[in-house]
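Read the structure below first, then the notes.
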Amino acid sequence: MIKNINGLHHVTSMAGDALENNVFFTNTLGLRRVKKTVNFDSPDTYHLYYGDEVGTPGSVMTYFPFANMAKGRRGTGEVGTTEFAVPKGALDFWKERLGNYGVTGLKDTTFLGENRLQFDGPDGDGFALVEADAQGRTPWTGTDVPKYAGILGFHGARLMLRDAAATGELLGFMGYQKDETDGSVTRYRMENGNGADTIDLEELPSARPAGQGAGSVHHIAFAVDDRAAQLEVRKLLMDTGYQVTPVIDRDYFWAIYFRTPGGILFEVATNEPGFNRDEDTRHLGEALKLPHRYEPLRPQIEALLPEIPA
Ligand code: ZN
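Letter by letter, the sequence shown follows residues 7 to 316 of our numbering.
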């Protein structure tokens, strides 16, 4: 069994308009943009990262905005809801704020005793704010969202699956403990994780499969401390029969990817080196950062990308 995963690292989704995406996550939700770079496989597209002050693993929501992408169709085989943790008592603030900002899909719910506020992202992305213990995490304070309500990082994610059994088994192998079931949803929890500790599996046997597009999660990444731990995880997954990519350098972390039985793409990413490896923490996310191989093409790349304010 794998012992060195510490919860989520980041969640990566696709968006339509880059500017709208940037405004939603920085202004409406009050996250910090911690990196402005490009899709390493398609450098005419941004890769935008939002999180806490330094982009602590477990807080990082990332986006590939494709200007003319059609919206995704929700269904099974995808991450249905990405959940952010907020301090206890913060949901009244958020209900009013998101309402004032015209955010759609607002809905109060509870799950396993936790208060949740569901809402839609700019492309219909499925999100929820969940009241949770801070576990030592602090929100980004360079925003008008007050500290008592600020987003602490991820709480977890809810996966929508036609059949949850094989994914449940995989999560157990990855070190998650099976927790309670409520209706069609079963919770898996990482003990002593980084705070982004829960994965909920929602089983929907008769729902149609998702179609990926703007507002869909592209992949979900789990955190390991370093490259040695990542190689260990890679070997254990491959010994169990998973097809895992080689280690890929993403400049701010190293990544491996594998497709899960339910169809969702999982990544395992290192906590090292982090987002301040090439920028001062005070100015994180302001300048366009390019991987070395694209640096000679900077003028052409900049000309293709819509301008996003610092
Ligand atoms: Zn990723």
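Backbone N, C-alpha and C fix where the C-beta goes; we use that ideal spot for every residue, glycine too.
On a predicted model such as this, the values are computed, not experimentally measured, just so you know.
query                                                                                                                         : result
Contact under 8 Å by Cβ, Ala-140 with Pro-93                                                                                  : yes
Nearest to Glu-197 (by Cα), restricted to the options Thr-116, Glu-278, Gly-181                                               : Gly-181
Ala-261 beta carbon near ligand 1 (any heavy atom closer than 7 Å)                                                            : yes
Segment contact, 8 Å Cβ cut-off, at least three pairs: the stretch 76 to 87 with the stretch 155 to 173                       : yes
beta-carbon His-225 near ligand 1 non-hydrogen atom, thresh 7 Å                                                               : yes
Collapsed DSSP secondary structure at Pro-302 in the structure displayed                                                      : helix
Anticipated Cβ contact below 8 Å, Asp-188 with Phe-125, distance rounded                                                      : The pair is not a contact, with the Cβ atoms about 21 Å apart (cut-off 8 Å).
Cβ contact (3+ pairs, closer than 8 Å) linking the stretch 32 to 50 and the stretch 241 to 253                                : no
Contact the stretch 255 to 263 vs the stretch 274 to 284: 3+ CB pairs below 8 Å                                               : yes
Beta-carbon spacing of Gly-268, Thr-173 below 8 Å                                                                             : yes
Chain-order list of residues whose beta-carbon lies under 8 Å from that of Glu-308 (same chain, five-residue window excluded) : Leu-294
Per-residue burial, Pro-312 [other beta carbons within 10 Å of its own, 16 or more giving buried]                             : exposed
His-16 CB to nearest heavy atom of ligand 1 below 7 Å                                                                         : yes
Secondary structure of Ile-307, DSSP reduced to three states                                                                  : helix
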